[in-house]
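For the sequence shown, the numbering used here begins at -11 and goes up steadily by one. Beta carbons are placed, not taken as given, at the ideal position from N, Cα and C, and that holds for glycine.
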Amino acid sequence: MDIAKENGQLVRGHTLVWHSRLPARLNNGDFTADELREILHKHITDEVTHFKGKIWQWDVV
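Dropping the structure here:
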């Protein structure tokens, strides 16, 4: 982020969720659809909030 800022560059955030990079607890967990939706919603919200004002745009989920 610092290098991009120093060079007047925009930063694009990569995917927020990627099928082959899910934590084992999600792949092996016994979650209901609502529970999994809540977990993913929190993850995405946390990431976007953390980088608010620093990321120009995000790739799709």
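Check your understanding: Alpha carbon to alpha carbon, how far is VAL(-1) from ARG25?
Key -> Walking along the sequence shown from the start, residue -1 turns up at place 11. Walking along the sequence shown from the start, residue 25 turns up at place 37. Answer to the nearest angstrom: the Cα atoms are 27 Å apart.
Check your understanding: HIS38 lies in the alpha helix (DSSP H); which residues open and close that run?
Key -> Position 50 of the sequence shown, counted from the start, is the residue given in the question as residue 38. Where HIS38 is concerned, the enclosing alpha helix (DSSP H) stretches over 21 to 38.
Point to revise | Segment limits, alpha helix (DSSP H) that includes ILE(-9) | key: Mapped onto the sequence shown, residue -9 falls at position 3. Its alpha helix (DSSP H) spans residues -10 to -6.
Point to revise | Cβ pair count under 8 Å reaching 3, the region 38 to 48 against the region 8 to 18 | key: no
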